[in-house]
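See structure below.
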Amino acid sequence: METLIEFFSFKYPNIKYVVFGAVLLSISSAVVGCFTFIKKKSLVGDVISHAVLPGICISFMISGSKDPFLLIIGAFISGWISIIVMDAIIQNTKIKEDAATGLSLSVFFGIGILLMTYIQHSGNASQSGLDTFLFGKAAALVGKDLVAFSIIAFIVLITVFAFYKEFKLISFDPNFARVIGLPIKKLEMVLTSVTVLAVVTGIQAVGVVLMAAMLITPAAAARFWTNRLSKMILLASVFGAFSGVSGAYISYSAPSMPTGPWMVMILSIIALFSFFFAPRKGIVVRQWRRFSIRRQLLEENLLKAFYRIGENSGEHYSVVAVDDIRLIRNFSSAQLVKGLRKLKTHGYVKKTSQNWLLTKEGFEKGKRITRLHRLWELYLTKYLRIAPDHVHEDADTIEHVITPELEARLEKLLEYPTSDPHSSEIPK
Amino acid sequence: MDAFWIILTGSLVAVSCSMLGTFLVLRKMSMVGDAISHSVLPGIVIAFFIAGSMQSVWMLLGAGILGILTTFLIEFFHQKGKLQADASIGVTFTWLFALGVILVTYYAGNAHIDQDCILHGEIAYVPIDLIYTNSGNPIAPKAVIILTVVLILILLFIFLFYKELFITTFDSSFATAIGISTSKWHYALMSLVSLTTVASFESVGAILVVALLITPAASAYLVTNQLKSMLILSSVFGVFSSFLGYWLSYILDGSIAGAMVTVSGAIFACCYIITRFKK
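Line order of the protein sequences matches chains W and A. First residue of the first sequence? That's 1 in my numbering, and the numbers climb one at a time after it. First residue of the second sequence? That's 1 in my numbering, and the numbers climb one at a time after it.
Here's what the structure looks like:
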């Protein structure tokens, strides 16, 4: 608790730098990441972050200094070239996006490593520290870095804000954007430039490999909570900012811990939580929905079987043995045990020693399902001219989803029929 | 002699990677290979602390498990979570990599292990780590022996299951129809990719592995339409990169792995230009 207060009072200027630096870069990369995510080009961030290395080395070889602005310009140029190379490969050859991505990523990085080792071995003493670009140094941010970060984050955010509508269009529907006369090429260039800028600054904090996560993970997590781009960008920024602060806090309270990887870890935890538990889109919710639909089908099919048994014997409220149900429809033992137990808790059936007894509610429900089944069979034979022996399967599927309104209209259309194509009675 | 061992190591890695890479490129899964090569890091670290040393068997096991887990997670988020494939790959491998880096720093100080030595393994040190006969004569570098075993495994795998790999790669629905499980071969291939990645890691580093998985295969894909000639051609490109790369690094006095990657990129550029001119 004490460290927490100490941390947030920003007593030491260095904490301030680290926190603001981490938050700024997280937000700018999260915002840009939303667009690359929607364009299904999330891994572009990974390419750029690897491809800046040769640019940094060449810029150092030419200028001989480690001035962050000069290095960033070099990084910016080679990041851009990598994207051009990648797009050229995709457009001009049969090589697909994945291979073009990996190729441009690894070759640029390889060239970068070659140049960096060349510089290191050439005995230039001032080169030490160039490799912070490889692993990042979030915890060692200083005032000078922060100025660079703020300017770039500001440029990124302003650009996205100014071109929000255009970016949204070219990301979602480039063809439509072209039709209404937007300058797609130029807008793509602006968007790519902003992406490269965000990546170039981010690398210095989290390193080459983890930079990809700063772009992809917040956007992917936010996507599970909303369908609106504006909300998605906002959420992604919040996730990014949160990870920035907590990453900085963790490495403050446990100094041996690296800031960058912890930021990514926090982001990933948020993302994993979203993947599983987000309402509507989460895996758990989705599986639950599938599970409950399957359960509903089982219950309704069981009630239908009860109804058929009653119909055959002419007595709907007599005891039914499990084997009788099996004769109507081939339920597995597990299905029978589970389904009957559920029906009992819902009050559709009662248990008498070994056998089962339909209740009034159960009878009504079974009757309705049977009715829908037969109405639909009649509809298919009458209006779609499907042979009567081909309609059962389809009716079995649709009987569970027909609404009372549709039921009424079907009845009217079929002129209140009394029997189905197999001349079974359609119950009222 | 050192140069010989280094080029041999490079060539062994190159052939293994190019063979597997051919299938990755054709299956449009190159980036899964890239993801695996990063996400095995926590597996290596955990294996290191269970075994207490850089014992290759444990490392292979740990990394192999992580490799398969990565493949599984990518598929899982993509299929069950309806997350688009590119994002699924990106989130999975960066998460596992971050975990690996955190574990490394947590244990750092009490052990000789860091991400630098794992991911940027230096091929120049290959000839130092020799295996000796009982009488004390050096046989060959450890890396060469391990990589030879891996290469034989891969060649056997491709030779024995060529038909299955062929069908699942080019027509997965037909494969399913005649009873060949696409996902089984997917996982088998990915296990081999993780195995190769780890075996090569120690000696050549992650960059070279990723580059050699994708670049020679992509170059060969440009100039041929046949799977068999693509397999052979990509291996030739790979070996060629290893030779020329060593020479380039000697001239520039730079990283050997970096130079090999650079040469493989140049080979791709040549193939690209040739195909463009032919049109």
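Built from N, CA and C at the ideal position, the CB exists for glycine as well.
Within-8 Å CB hit, residue i to chain W
i: Met230/A; result: no
i: Ala259/A; result: yes
i: Asn110/A; result: Caution is warranted here: a pLDDT of 49 is assigned to Asn110/A, below 50, making its placement in the model unreliable, and no coordinate value can be reported.
i: Ile297/A; result: In the structure displayed, chain A extends from 1 to 279; residue 297/A sits before or after that span and is not available.
i: Thr71/A; result: no
i: Met31/A; result: yes
i: Thr197/A; result: no
i: Ala218/A; result: yes
i: Tyr221/A; result: yes
i: Thr105/A; result: yes
i: Phe243/A; result: no
i: Val40/A; result: no
i: Phe77/A; result: yes
i: Asp2/A; result: no
i: Leu12/A; result: no
i: Ser16/A; result: no
i: Asp129/A; result: no
i: Val126/A; result: no
i: Leu20/A; result: no
i: Leu83/A; result: yes
Proximity test, Cβ basis, 8 Å: residue i and chain A
i: Gly102/W; result: yes
i: Tyr416/W; result: no
i: Val18/W; result: no
i: Lys165/W; result: no
i: Ala213/W; result: yes
i: Ile462/W; result: A question about residue 462/W goes unanswered here, because the residues of chain W that appear run from 1 up to 428.
i: Lys365/W; result: no
i: Tyr252/W; result: no
i: His121/W; result: yes
Amino acids of chain A, ordered along the chain, whose beta-carbon sits closer than 9 Å to that of residue i
i: Leu210/W; result: Thr94, Phe97, Ala98, Val101
Per-residue contacts from residue i into chain A (C-beta, under 7 Å)
i: Lys96/W; result: Lys28
i: Asp46/W; result: Gly90
i: Ile203/W; result: In chain order: nothing, as chain A lies at least about 13 Å away.
i: Ser118/W; result: In the sequence on display, residue 118/W carries Tyr and not Ser. Going along chain A in sequence order, the residues near Tyr118/W (Cβ under 7 Å) are Leu252, Asp253, Gly254.
i: Ala99/W; result: Val25, Ser30, Ile214, Ala218
Identified DSSP bridge partners for residue i
i: Lys351/W; result: Trp356/W
i: Ser419/W; result: Glu425/W
Chain-ordered chain W contacts of residue i [CB-CB under 7 Å]
i: Val282/A; result: Nothing can be reported for residue 282/A: it is not among the residues displayed for chain A, which extend from 1 to 279.
i: Val45/A; result: None at all; the shortest Cβ gap to chain W is about 12 Å.
i: Asp171/A; result: Within chain W, no residue comes near Asp171/A; the closest Cβ sits about 17 Å away, beyond 7 Å.
i: Pro215/A; result: The question names Pro, but residue 215/A is Thr in the sequence shown. Within 7 Å Cβ-Cβ: Leu103, Ser106, Val107.
i: Leu151/A; result: By Cβ distance, chain W contributes nothing, its closest Cβ being about 21 Å from Leu151/A, past 7 Å.
i: Ile207/A; result: Ser106, Phe109, Gly110, Ile113
Closer than 9 Å at the beta carbon, the chain W residues around residue i
i: Gln226/A; result: Neighbours of Gln226/A on chain W: none; closest Cβ ~14 Å, over 9 Å.
Where residue i meets chain W, residues with beta-carbon distance less than 8 Å
i: Lys80/A; result: Ile283, Arg286, Gln287
Neighbouring residues, chain A, relative to residue i (Cβ below 8 Å)
i: Thr370/W; result: Here the premise fails: no neighbours, minimum Cβ distance about 35 Å.
message: Taking beta-carbon pairs under 9 Å, can you tell me which members of the segment 176-192 of chain A lie near chain W?
response: none
By the 7 Å beta-carbon criterion, what residues does the segment 255-277 of chain W contribute toward chain A? Ser256, Met257, Pro258, Pro261, Trp262, Val264, Met265, Ser268, Ala271, Phe275
By the 9 Å beta-carbon criterion, what residues does the segment 81-92 of chain W contribute toward chain A? Ala88, Ile89, Asn92
Can you list the beta strand (DSSP E) stretches of 3 or more residues lying completely in the segment 307-349 of chain W, in chain order?
none
message = I'd like the ranges of any alpha helix (DSSP H) spanning at least 4 consecutive residues and lying wholly in the segment 126-186 of chain A.
response = 142-160, 162-170, 172-177
Practice task
Taking a Cβ distance cut-off of 8 Å, strictly less, list which residues of the segment 251-275 of chain A are near chain W, in chain order.
Solution key: Leu252, Asp253, Gly254, Ser255, Ala257, Gly258, Ala259, Met260, Val261, Thr262, Ser264, Gly265, Phe268, Tyr272, Thr275
Original post:
Taking a cut of 7 Å between CB atoms, which residues from the segment 19-53 of chain W lie near chain A?
Top reply: Phe37, Lys40, Lys41, Ser42, Leu43, Asp46
**Message:** As an exercise, report each continuous alpha helix (DSSP H) stretch of at least 4 residues that is fully enclosed by the segment 242-287 of chain W, in chain order.
**Reply:** 259-277
Name the residues in the segment 211-236 of chain W whose C-beta lies less than 7 Å from a C-beta of chain A; which are they?
Ala212, Ala213, Ile216, Thr217, Ala220
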